[in-house]
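First up is the structure itself, then whatever we jot down about it.
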Amino acid sequence: MTVTVRKTIRGSAAAAAILWAMGSGVLPSIAQVISYAIPAGPLDEALNSFGAASGVQVAYDSGVAAGLSSGGATGALTTEEALSTIIAGTGLSFRFTSETTVVIESTVTNSVGGAVTLQPLVVTARRTEELLKDVPASVFVLDGEDVDRSNLTDFDDASLLTPNVDFSANDNPGRIFFAIRGISDLNPVGTGPTIGFFQDGVLQNGTGSVINVNRRLVDVERVEIVYGPQGTAFGRGTIGGAVNIVTQKPTQEFEAVLRSEIGSFPDYTGEAVLNLPLTEDLALRAVAYGGLSDGFVDAPFSDADDSIGDENIGGRASLRYTPTDKLTLDASVEFDRTAVEAPLFAIEESALDADPITLIGTFDDLATERLNIRGEAAYAFDIGLLRATTGYSRTTFIGDEDFDLSPPDNSITSRDSKDIAFSQEIRFESTDFDLPGRFGTLSTNLGFIYNDITANLGTGFVTNALGALGGNLSTSQTDVRNIGIFGDLRWRPIPPLEVAVGARLSFDKVSIDSIIAPTGSLTQFASPLEFTAEESFTSVTPSFSLLYEWTDTLSTYLSFSTGFRPGGFVGTLTGAPIQFDEERARNIEGGIRSSFLDGRVNVSASAFALFYRDIQVPISIDFGGGIENAASARSVGAEISGGFEPITGFRVQTGLGLTFAKFTDFEASVEGDQTGERLPRAPRVSLTLIGDYEHPQPILRDLAPFARVEYSYRSEFSGNLGDFDVTNLRAGLRGENIEVSLFVENLFNEGYVTESFIPASIANNEPPPEFAGQSSVVPGPTRRFGVVATIRF
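First residue of the sequence shown? That's 3 in the working numbering, and the numbers climb one at a time after it.
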């Protein structure tokens, strides 16, 4: 059974006066000296005593400590010194995952020979730090090592490694579409997402915009993907699930990393990381990155270069200040700019031949810029943890796009949009405390959040079809004000059983102010159309779960969760806005997690049934289109993942996703009755198999060889024109300070697409014969090879 000891709480600086009045406490520090008097005896008892004395949460499987003894620890010692003394001679090691959490790990020898390192995963899937095995939900984790070893640069690269998850790039590398278990965004003008995208707990896509989410995965601690509705823990816009990037934080150790990659498109990327202790209580961590790519899509029917490329540049700076043992202050600022010469739409035949040709003309200024600022204040005292987190983001998008996707460039849509979001969250996490009598223990997680989101969109549509200039210009501003109050109770009546219940009460106020003005002589209306509207939406999203640890290595769970997406408005060519209401989802899920063969094998599996109703979807009306709550859907399936490490350095990982997602009612579709049809971006089978080997001994100075192979399969789904599989290879030499590797992505040059649609027929010239009968598609990358070099100081 996992032993967890919590005696620390961090809180906000803003609440420091209140906390001081409530009582004093001490935030643990690795360098903090404490007087210990832990006697010799069973190791688990010694670790429990250490946690109580130091205030550090100690996480380990009881099987790791079973039968082991400790010599204890006495005297004035730092946290690290005390731990080292307690586990001396046991063959165990420890790893701090934060200043207040340490994981005890074991190295065991198997019959094949060699050692296997057991590394329990610590996650924040329920907004509190805990072991993955103790979370009653399906969670997929990519840690920083996974990101580096798979050569991942953004979420588009990560798509094929995640079962039942689709990250589909569209016409701009700066934006991406999410789908989890078949749930994706079917409403292009929503006021909230279906999949919440978070960075260090702060929502990044508050309006549902996909422009702000295809982040570079640079210097991350881990990426957590939480499946199913997460309305209680994460709030609005998490009907399908939540994705949370946890970035590396500044430490008191000097670190410098340089990484460079050259690929065959050709393309070039570079990254630099610097961690610098400034004083004994202040540290800086800075990250810079950039890249250029000629891309893999050709443009033979325009005056562009031979292929369509993009460029990206950005950076992040973080500060951590600990003026006292009670107070920790974090601040970070991040900027990113992605520009692309033209969208990646290609014709169907060439994409499936893995030789895509662009369908559209040349556009010079499709650019996305992002600014993110985050601050957090943490204060500690004896009864719990109080944390205040402030977030600010600004995203701008400027570009011209070909409306009919066929040459020449007659029908152009120009966009100039800006999203600004501010959020303030205050959250309290209590320690586990004993209930009177024999009623076990109870812990709480309570919070309040305020979101203020403004989206400004300027759009111009111009066409010279039939020899006449026509079109319209529109501007709109959407404001969303959200207040959320949430909490959960986690009760353990007996140590193996956890019963958790929670709920979130959300208030959303949505307003819109829009004007559509005609231009030219070929227009659908003669005078500007203006409208304003305002509406409020209230929602309650409860959750419930049971988790039982049958043995030290086997646990099961059953959970019920809910989610919602707020409603909003969409304008029409009559000037009267259409209001649509919120979406809702309910999810029932059961799962099992187990390890066996002395911990060399770890397996987790979950099965789910998700019911999605009042879906916001496009519909046809007399004067153009609109949005209504005109559909419902059901998604059932399972995720199974496992890991096996039979000998030193050799790991096998696998993930299997099964999804059967369909519309149960969608008669008002613009494409006709879709009832019974499969949901978009929902392959029934998604499979990943990874083999990773690192030789235990160096062969060249301190460099050891390594190799990695990744195989991914996706069955046919709506828009992808058939099933496909992709194989990636990587091999090289790795040492403590230097790593050099060669890679091949899409080894067999598989031709595949991630989205398919029929372009509008507005251009005044006939398209070239090559386009006859073709769909416009978004292709997957063709074969790419290159070299990566990393230097660490």
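Even for Gly, the Cβ is constructed at its ideal location relative to N, Cα and C.
- By the Cβ-count criterion, G788 is buried, with 16 or more other Cβ atoms from all chains shown falling within 10 Å of its own Cβ.
- Out of S563, R567, I621, V501, the CA that lies nearest to the CA of D510 is found in R567.
- The three-state reading of DSSP puts L599 in coil, since its state is none of H, G, I, E or B.
- The C-beta distance from A670 to A632 rounds to 4 Å, short enough to fall under 8 Å.
- By the beta-carbon neighbour count (other beta carbons within 10 angstroms, threshold 16), L45 is buried.
- Between the stretch 254 to 261 and the stretch 181 to 197 there are fewer than three C-beta pairs closer than 8 Å, too few to call the two in contact.
- Here the stretch 612 to 622 lies against the stretch 583 to 600, with 3 or more beta-carbon pairs under 8 Å apart.
- Under the DSSP assignment, R786 falls outside any alpha helix (DSSP H), being part of the beta strand (DSSP E) whose first and last residues are 786 to 794.
- Here the alpha carbons of E585 and S416 stand approximately 30 Å from one another.
- The DSSP-derived three-state label of K135 is helix.
- Excluding five sequence positions before and after Q201, the CB atoms of its chain that fall closer than 6 Å to its own CB belong to I247, given in chain order.
- Separation of the CB atoms of R595 and S557 is rounded to 5 Å, and the pair is thereby assigned contact status at 8 Å.
- With respect to the C-alpha of P41, the residue from Q34, S51, V35 having the closest C-alpha is S51.
- Shown here, A684 sits in coil according to DSSP, grouped into three states, outside any helix or strand.
- Annotated as distal: S419 and F450, with beta-carbon spacing of 8 Å or more.
- Of the other Cβ atoms in all chains shown, fewer than 16 fall within 10 Å of the Cβ of Y452; this residue is therefore exposed.
- Taking 8 Å as the cut-off, the Cβ atoms of F745 and N153 count as close.
- In the structure shown, G53 adopts helical secondary structure according to DSSP, grouped into three states.
- Counting along the chain, the unbroken beta strand (DSSP E) around T281 starts and ends at 269 to 281.
- Counting C-beta pairs closer than 8 Å gives three or more between the stretch 369 to 389 and the stretch 329 to 336, which meets the contact rule.
- Membership of E351 in any beta strand (DSSP E) is not indicated; the residue belongs instead to the alpha helix (DSSP H) covering 350 to 354.
- When secondary structure is reduced to three states using DSSP, L294 falls in the strand class.
- With respect to N748, R786 sits close: the two C-beta atoms are nearer than 8 Å.
- The stretch 662 to 679 makes no contact with the stretch 690 to 708: fewer than 3 CB pairs, one atom from each, lie closer than 8 Å.
- Closest option to S758, judged by alpha-carbon separation, among V780, E741, E752: V780.
- Excluding the 5 residues flanking it on each side, H697 has same chain C-beta neighbours closer than 8 Å at G651, A706, P707, F708, in chain order.
- Put simply, of L49, I487, Y323, E647 the residue whose alpha carbon is nearest the alpha carbon of L280 is Y323.
- The stretch 223 to 236 makes contact with the stretch 130 to 148; the number of CB pairs closer than 8 Å reaches 3 or more.
- Annotation for G146: the continuous alpha helix (DSSP H) segment containing it runs 146 to 151.
- Where S37 is concerned, the enclosing beta strand (DSSP E) starts and stops at 35 to 40.
- When DSSP states are grouped into helix, strand and coil, E741 belongs to the strand group.
- In this structure, P620 sits away from Y550, with a CB-CB distance that is not shorter than 8 Å.
- G724 sits away from N166, with the two beta carbons spaced by 8 Å or more.
- When C-alpha distances from R440 are compared across T87, R494, F298, L354, the shortest belongs to R494.
- Residue ranges of uninterrupted beta strand (DSSP E) with 3 or more members, entirely inside the stretch 644 to 668 and ordered along the chain, are 652 to 667.
- By a beta-carbon distance limit of 8 Å, Y291 contacts R218. Their separation comes to about 6 Å.
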